[in-house]
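Written below as structure tokens is the structure these notes are about.
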Amino acid sequence: MPHDISKDCSDFLRAHAADAVADGRLKASHARELVAAFFGYNTHAALLSESDYPLHQLDEAAVLVPDVRLMNQRRSCLNGLPDLPNSIELAKALVGFLASQHHFSGKAWIYDSLESYVMEVLLPEEDPYISDCLSGVMAETNAYFDEAYYESAEVQNVGDAVEIAVTGSYNGSNDEDRPFCGDQIDMIVTVNLPRVAGKAGFGHPDISASGSVNDDWVDPELRFPADRKPLHA
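Next up, the structure:
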């Protein structure tokens, strides 16, 4: 029978709460619900019913994404909680415990939300790769591009993975000695996270990017309609 990682985490969380704050006695039922939220489930029962991505596979995951937002939601619904550390601190403690017990050895993305982590941490780290993906589009301009700006992100469950689609742009400076051909690249960066364990353990992220030169600077009367078919000789 697979080892019950969620029970280990619940027992640890109760002990951690008792050490962290005065009168930090955390009920076993409350600890189970917070651990379920940590792994991305609305209830402990939902976590126990997981069969496709069981927690005992967590040691195969490359990335762990604690659901800090869901932990906050669950805390607001549980009556009689002690004055616990904030959810990010609890998530850090749980990740440290999982690592110490050799249940997880990958990288933890501990942030207020998955969307924010991807936009503010992951994609800036991967900027050389993303700019390389868009090098052909950048070559259509006479501009120099620096850092990317990310505007919004949308998370979707796609089959056996979670997909984060991020919209953004590269804003550049045109070479003054060359004709102006645009200085902004509008782009979509997609991050695909294959599920491994629970709703928080994933394989290595797969990142792809596509984009086009923003043509808002072109006179509308001169702009080539997107739906016009080219003429053939």
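Numbering (my numbering), first residue to last: 9 to 241. Even glycine gets a Cβ: it sits at the ideal position worked out from N, Cα and C.
Can you list, in chain order, the residues of its chain with a C-beta nearer than 8 angstroms to that of residue i? Leave out the 5 residues immediately preceding and following it.
i: S113; result: D67, A107
i: S7; result: Coverage of the chain is limited to positions 9 through 241, which leaves residue 7 absent and any answer about it impossible.
i: M146; result: S139, F153, Y178, G180, I193
i: P132; result: E155, A156
Please list, in chain order, all residues of the same chain as residue i whose beta carbon is under 7 angstroms from its beta carbon, the five residues on each side excluded.
i: E159; result: T175, G176
i: L122; result: V73, V163, I172
i: H24; result: A101
i: A36; result: S18, R22
i: D168; result: P202, R203
i: H111; result: I13, L66, D67
i: M127; result: Y158, A161, V174
Report the partner residues of residue i according to the DSSP bridge assignment.
i: Q65; result: Answer is none; Q65 lacks a bridge partner.
i: S84; result: Looking at the DSSP assignment, S84 forms no beta bridge with any residue, so it has no partner.
i: S216; result: T198
i: I13; result: I13 pairs with nothing; no bridge assigned.
i: A161; result: V174
Using the three-state DSSP reduction, which class does residue i fall into: helix, strand or coil?
i: F20; result: helix
i: L98; result: helix
i: G26; result: According to the sequence shown, residue 26 is Ala rather than Gly. Three-state result, A26: helix.
i: L201; result: strand
i: L78; result: helix
i: N150; result: coil
i: A173; result: strand
i: V73; result: coil
i: N182; result: strand
i: G167; result: coil
i: G206; result: coil
i: N222; result: coil
Quick one: what's got a C-beta closer than 6 angstroms to residue i's C-beta in the same chain, skipping five residues either side?
i: R236; result: Caution is warranted here: a pLDDT of 49 is assigned to R236, below 50, making its placement in the model unreliable, and the coordinate value is therefore given only provisionally. Excluding residues within five positions, none has a Cβ falling inside 6 angstroms.
i: F105; result: F20
i: A327; result: The first residue shown for the chain is 9 and the last is 241, placing residue 327 beyond what the model contains.
Is the segment 37–48 in contact with the segment 68–87, if contact means three or more CB pairs nearer than 8 angstroms?
Under the three-pair Cβ rule at 8 angstroms, the segment 37–48 counts as touching the segment 68–87.
Quick one: which unbroken alpha helix (DSSP H) runs of 4-plus residues sit fully inside the segment 100–147? Chain order, please.
As summarised for the segment 100–147, the continuous alpha helix (DSSP H) elements at least 4 residues long and confined to that stretch are 122–125, 135–141, 143–146, given in chain order.
Complete runs of the beta strand (DSSP E) confined to the segment 29–64 [at least 3 residues]
Listed in chain order, there is nothing to give.
When the Cβ atoms of the segment 190–207 are set against those of the segment 141–156, are three or more pairs found closer than 8 angstroms?
These segments touch.
Within the chosen definition, does the segment 55–63 reach the segment 213–225 through at least 3 CB pairs nearer than 8 angstroms?
The segment 55–63 is not in contact with the segment 213–225.
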